Each structure stands twice: as C-alpha cells, then as structure tokens.
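Undergrad: Residue numbers (our numbering), protein chains in the order written: chain A, 73 to 251; chain B, 73 to 251. Got a structure here, written out as structure tokens. Questions coming.
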C-alpha cells in the first residue's frame with residue numbers, strides 16, 4: 073500500500089510521547105544498556121532521532137520539492153548525534169526531541185502537500201530515486217523501528233535471567249545492530 | 073545477569089502508559105492491522121496482555137511460593153482474550169490493562185519478596201523447572217516483546233510504501249508471528 077499522509081502524521085505525532093513514557097523515570101541501567109560495544113543504547117537512539125529531526129527529514133523533503141532529482145540529499149551520519157547528547161540528561165533529550173518533532177510537523181503542514189505531490193522525486197545519495205511519499209513513510213517506519221530497537225536493547229539485559237522462557241521470547245533472539 | 077526486582081518493576085510499571093501513548097488516538101487502521109491472518113493486531117496484543125494480568129503472572133508467582141514444584145502452572149492460552157475484547161473500545165482496554173497492572177504490582181509488593189526468594193522453584197507445564205526470579209524477568213521481557221510486536225505489526229503496513237529505504241529498515245524484515 074501507499075503512504076497516507078494523515079495516517080503517517082498520526083504516528084509521527086505520537087512517537088515523542090511514546091518514547092517519553094518508555095524511558096522517563098526508568099533506572100539509568102536501562103537507559104544506558106547496549107547489546108554490544110558500538111551499538112546504540114536507548115539514550116543513543118534518542119540522540120539519533122533528534123539528529124534526524126535537525127538535519128534529515130524536513131531538509132530532504134524541501135530538496136525534493138525545490139530541487140527534485142538534480143540535487144542529491146546530503147548523506148546522513150547515523151552517529152552524528154554524539155557531541156549533541158554529551159552531558160545532557162534524558163529529560164532534556166526527550167524535551168528536545170518532542171519540541172523538534174512538533175516544529176517539524178508544523179513545517180510539514182505548512183508545505184500543504186497534496187496527494188499528487190507525494191509522487192515528486194529526489195535523489196538519495198546511496199539508494200537513488202525516491203519519492204516524497206516514500207520519504208514520509210520512511211520517517212514513520214523509522215520511528216517505529218527505533219522504538220522496537222529501544223525495547224529490544226533493554227530486553228537483552230535479561231536474556232539469561234528469563235531462563236527456559238527464552239524459548240517463548242523471540243525478541244531476545246533478534247539480531248542486534250544499530251537500527 | 074540475574075533479574076533485579078526493583079529494575080524489573082520499573083519496566084512493569086511503565087508498560088501501560090507506554091502502550092497507551094503508542095495507541096491512544098491513532099486511526100483505527102493502525103489498531104486493527106495485522107501481519108497475516110491469524111496473527112495479533114495491536115488490539116489483540118492488548119487483549120493478550122490483559123489476559124496475562126488476569127490469569128498468568130501473579131497466579132504463577134503464588135503457586136511457586138505456596139506449592140513449589142509440586143503443582144504445575146495451568147497452561148496459558150495465548151489467544152484466551154478473544155471473548156474479553158469483543159465489542160470493547162481501545163480506551164476501555166487500555167484502562168483495564170493499566171488498572172490490572174497497578175493492582176498486580178501492589179500484590180507483588182505485598183508478597184514482600186526477598187532476594188533469596190527469587191530462587192524458589194515451580195513447574196512450568198511445558199518448560200519444566202523455573203524460578204520465581206525467571207518468572208519476574210519474563211514478565212518484564214514479555215512486556216517489551218509485545219511493545220516491539222505492536223510497532224513491528226504497524227510498520228509492516230508500510231513495507232512497500234517506503235520504497236528503496238526498506239534496505240535500511242530491518243524492522244520490516246523481522247519474521248511475523250504472535251510474539
């Protein structure tokens with residue numbers, strides 16, 4: 073199926089509060105755990121989502137609308153958030169993500185996208201031709217993927233603690249990684 | 073690592089509000105979507121979590137503490153919630169889950185579990201000998217697994233809509249299923 077703008081926006085609008093409820097008030101052991109060295113902790117995921125709001129989604133939508141395929145998107149550094157999150161509390165990061173997302177959804181509304189505009193095309197530096205509709209669907213699925221990552225990374229701490237129940241908990245055997 | 077009671081309770085306490093934020097106010101297309109016939113929709117997951125609060129976790133903890141290995145747990149029907157959720161709104165189901173979880177955490181506190189008691193054993197009808205600590209770790213990981221399932225099932229609706237970005241969204245290629 074194709075992306076449906078209002079449906080996708082409903083996801084984008086709920087993600088900050090979903091992640092806030094997931095992480096807010098949890099012991100830091102859950103916030104900073106990771107599956108393996110070099111993979112994202114829940115805190116890192118939050119940084120990565122913030123960085124996407126700052127430099128990725130809306131700038132790419134604008135490039136598609138203003139320059140089409142002629143101007144490839146800037147590559148996105150998946151770990152470009154490191155400096156930004158250093159020394160910040162989880163509360164600060166959650167507030168920043170929520171504020172940026174709210175602002176970006178306002179910007180998206182201001183673009184007054186009509187269904188036909190979702191077929192407009194741009195150039196991804198690695199993937200080639202993509203449409204604005206695909207970008208918006210990806211933005212929403214990217215949120216969902218990182219929520220899944222947060223809970224997967226957290227669950228991994230108890231992979232041994234569950235004992236024989238591991239056989240019934242497939243989340244414990246999803247391959248680790250940075251998404 | 074072993075389960076840590078307070079850490080696990082922190083997860084158990086946040087799950088109802090996390091899932092509420094994830095689902096509350098979303099268009100019904102997201103609430104009722106499923107990966108394939110016979111698999112859980114987000115609404116079904118909520119029913120399954122409610123049923124676990126009603127008949128699974130606390131009753132099993134009590135069996136371990138009161139009867140040990142001599143009395144195997146009752147088998148848990150993963151789809152035993154169907155009748156309960158029929159005709160109920162998502163808001164009602166979210167409220168029921170939140171209320172039951174709150175009550176069960178009070179019951180858990182009332183058991184005044186000491187670390188040594190987490191080694192007490194019971195008999196799972198299929199898995200054999202399990203400990204109370206494993207039961208509690210499983211309760212928390214089970215929550216996380218079903219949050220991951222909800223977002224995975226939702227993301228699957230846009231598996232095609234993301235176009236070439238699918239290569240960067242591994243959540244779209246996790247095998248489907250009822251957990």
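All C-beta atoms in this analysis are idealised placements derived from N, C-alpha and C, irrespective of residue type, glycine included. All figures in this text were calculated on a predicted structure; none of them were measured in a lab.
DSSP three-state label for residue 110(B), please.
TA: Residue numbering aside, residue 110(B) sits at position 38 when the second chain is read from its first letter. The answer is coil: DSSP assigns residue 110(B) none of H, G, I, E or B.
Undergrad: Output needed for residue 209(B): all residues of its chain with C-beta closer than 7 angstroms, excluding positions within five of it in sequence on either side, in chain order.
TA: Residue numbering aside, residue 209(B) sits at position 137 when the second chain is read from its first letter. Taken in chain order, the residues that qualify are 75 and 80.
Undergrad: For residue 132(B) and residue 203(B), what's the separation of their Cα atoms in angstroms?
TA: Here the question's residue 132(B) lines up with position 60 in the second chain. Here the question's residue 203(B) lines up with position 131 in the second chain. Computed Cα separation, rounded: 10 angstroms.
Undergrad: Determine the closest residue to residue 243(B) out of 222(A), 235(A), 216(A) and 226(A), with distance taken between C-alpha atoms.
TA: Within the second chain, the letter at position 171 stands for residue 243(B). Residue 243(B) has its Cα closest to that of 216(A), out of 222(A), 235(A), 216(A) and 226(A).
Undergrad: So the alpha helix (DSSP H) residue 101(A) belongs to, where does it begin and stop?
TA: The residue given as residue 101(A) occupies position 29 in the first chain. Per DSSP, residue 101(A) belongs to the alpha helix (DSSP H) from 100-103.
Undergrad: Between which residues of its own chain and residue 229(B) is the CB-CB distance below 6 angstroms, once the five residues before and five after are set aside?
TA: To locate residue 229(B), count along the second chain from 1; it is residue 157. Same-chain partners within the cutoff: 105.
Undergrad: In whole angstroms, what is the alpha-carbon distance linking residue 212(A) and residue 148(A)?
TA: Locating residue 212(A) in the first chain gives position 140, counting from the first residue. Locating residue 148(A) in the first chain gives position 76, counting from the first residue. Rounded to whole angstroms, residue 212(A) to residue 148(A) spans 17 angstroms at the Cα level.
Undergrad: Under the three-state reduction of DSSP, which class applies to residue 194(A): helix, strand or coil?
TA: The residue labelled residue 194(A) in the question sits at position 122 within the first chain. Here residue 194(A) sits in strand by DSSP.
Undergrad: Ignore the nearest five residues each way along the sequence and tell me which others in residue 96(B)'s own chain have a CB closer than 8 angstroms to its CB.
TA: The residue you call residue 96(B) lines up with position 24 of the second chain. Here the set comprises 162, 163 and 166.
Undergrad: Whose CA, out of 170(A), 110(A) and 199(A), lies closest to the CA of residue 123(A)?
TA: Counting from 1 along the first chain, the entry for residue 123(A) is found at position 51. Residue 170(A) is the option with its Cα nearest to residue 123(A).
Undergrad: Residue ranges of each alpha helix (DSSP H) run of no fewer than 4 residues wholly in the region 140-167 of chain A, ordered along the chain?
TA: You should have 154-157.
Undergrad: Counting only beta-carbon atoms, is residue 233(B) nearer than 8 angstroms to chain A?
TA: Along the second chain, one-based indexing puts residue 233(B) at 161. Residue 233(B) counts as touching chain A.
Undergrad: In chain order, what residues of the region 180-195 of chain A put their CB closer than 7 angstroms to some CB of chain B?
TA: Answer set for the region 180-195 of chain A: empty.
Undergrad: Tell me the DSSP secondary structure of residue 200(A) in three-state form.
TA: The residue given as residue 200(A) occupies position 128 in the first chain. Strand, per DSSP.
Undergrad: Report the option in 182(A), 224(A) and 220(A) whose CA atom is closest to the CA atom of residue 227(B).
TA: Against the second chain, residue 227(B) aligns to sequence position 155. Nearest option by C-alpha distance: 220(A).
Undergrad: Residues of the region 103-118 of chain B in Cβ contact with chain A at a cutoff of 8 angstroms, in chain order, please.
TA: Answer in chain order: no residues at all.
Undergrad: Nearest to residue 120(B) by alpha carbon, out of 240(B), 93(B), 178(B) and 158(B)?
TA: Within the second chain, numbered from 1, the residue matching residue 120(B) stands at position 48. Here the closest residue by C-alpha is 158(B).
Undergrad: Using a Cβ cut-off of 7 angstroms, pull out every chain B residue sitting near residue 220(A), in sequence order please.
TA: In the first chain, residue 220(A) corresponds to position 148, counting from 1. In chain order: 220, 223, 224 and 243.
Undergrad: Where does residue 249(A) sit, in a helix, a strand or coil, going by DSSP?
TA: Your numbering for residue 249(A) matches position 177 in the first chain. Residue state, collapsed to three classes: coil.
Undergrad: Run down chain B in chain order and give the residues with a C-beta less than 7 angstroms from the C-beta of residue 229(A).
TA: Walking along the first chain from the start, residue 229(A) turns up at place 157. Under the 7 angstroms cutoff, chain B gives 73.
Undergrad: Going by DSSP in three states, residue 223(B) sits in which element: helix, strand or coil?
TA: Here residue 223(B) is taken as the residue at index 151 of the second chain, counted from 1. Residue state, collapsed to three classes: helix.
Undergrad: Buried or exposed: residue 128(B), going by 16 or more other Cβ atoms within 10 Å of its Cβ?
TA: As a working mapping, residue 128(B) is identified with position 56 in the second chain. Residue 128(B) comes out buried.
Undergrad: Starting from residue 90(B), find everything on chain A with Cβ-Cβ shorter than 8 angstroms and list it in chain order.
TA: Counted from its first residue, the second chain places residue 90(B) at position 18. Result: 90, 93 and 94.
Undergrad: For residue 248(A), count neighbouring Cβ atoms within 10 angstroms of its own Cβ and tell me buried if that reaches 16, exposed if not.
TA: Counted from its first residue, the first chain places residue 248(A) at position 176. Burial call: exposed.
Undergrad: So that I know if they touch, is there some Cβ in chain A lying closer than 8 angstroms to that of residue 237(B)?
TA: Along the second chain, one-based indexing puts residue 237(B) at 165. It does: the Cβ of residue 237(B) has a partner Cβ on chain A nearer than 8 angstroms.
Undergrad: Whole angstroms is fine: what's the gap from residue 85(A)'s alpha carbon to residue 246(B)'s?
TA: Reading the first chain from its first residue, position 13 is the one you call residue 85(A). Reading the second chain from its first residue, position 174 is the one you call residue 246(B). Cα to Cα, residue 85(A) sits roughly 25 angstroms from residue 246(B).
Undergrad: Give the DSSP-derived three-state secondary structure of residue 97(A) in the structure shown.
TA: Residue mapping note: residue 97(A) aligns to position 25 of the first chain, counting from 1. In the structure shown, residue 97(A) sits in coil (DSSP, three-state: anything other than H, G, I, E or B).
Undergrad: Taking the C-alpha atoms as reference points, what is the distance between residue 82(A) and residue 99(B)?
TA: In the first chain, counting from the first residue as 1, residue 82(A) sits at position 10. In the second chain, counting from the first residue as 1, residue 99(B) sits at position 27. Residue 82(A) and residue 99(B): Cα-Cα distance of roughly 7 angstroms.
Undergrad: Taking Cβ to Cβ, would you say residue 130(B) is nearer than 8 angstroms to residue 194(B)?
TA: Numbered from 1 along the second chain, position 58 holds the residue referred to as residue 130(B). Numbered from 1 along the second chain, position 122 holds the residue referred to as residue 194(B). No; because the gap between Cβ atoms is not below 8 angstroms, this pair is not in contact.
Undergrad: So which of 115(A), 87(A), 77(A) and 73(A) has the shortest CA-CA distance to residue 174(A)?
TA: Counting from 1 along the first chain, the entry for residue 174(A) is found at position 102. Nearest C-alpha to residue 174(A): 87(A).
Undergrad: Restricting to Cα atoms, I'd like to know which of 111(A), 144(A), 89(A) and 110(A) is closest to residue 200(A).
TA: Counting from one through the first chain, the residue named residue 200(A) turns up at place 128. When each option's Cα is compared against that of residue 200(A), the closest is 144(A).
Undergrad: When you compare the CB of residue 175(A) with every CB in chain E, is at least one pair closer than 8 angstroms?
TA: Given the protein chain composition of this structure (A and B), no chain E is represented.
Undergrad: Suppose you measure from the CA of residue 231(B) to the CA of residue 238(B); what does that come to, to the nearest Å?
TA: For the purposes of this step, residue 231(B) is identified with residue 159 of the second chain, where counting begins at 1. For the purposes of this step, residue 238(B) is identified with residue 166 of the second chain, where counting begins at 1. When rounded, the distance between both Cα atoms is 7 angstroms.
Undergrad: For a quick check, are the C-beta atoms of residue 93(A) and residue 142(B) less than 8 angstroms apart?
TA: Here residue 93(A) corresponds to residue number 21 of the first chain, with the count starting at 1. Here residue 142(B) corresponds to residue number 70 of the second chain, with the count starting at 1. For residue 93(A) and residue 142(B), no; Cβs fall outside 8 angstroms.
Undergrad: Thinking C-beta only, is residue 214(B) closer than 8 angstroms to residue 117(B)?
TA: As a working mapping, residue 117(B) is identified with position 45 in the second chain. As a working mapping, residue 214(B) is identified with position 142 in the second chain. Result no, Cβ atoms of residue 117(B) and residue 214(B) do not sit closer than 8 angstroms.
Undergrad: Would you kindly work out how many angstroms separate the C-alpha atoms of residue 198(B) and residue 160(A), rounded to a whole number?
TA: Along the second chain, one-based indexing puts residue 198(B) at 126. Along the first chain, one-based indexing puts residue 160(A) at 88. In a straight line, the C-alpha of residue 198(B) is about 46 angstroms away from that of residue 160(A).
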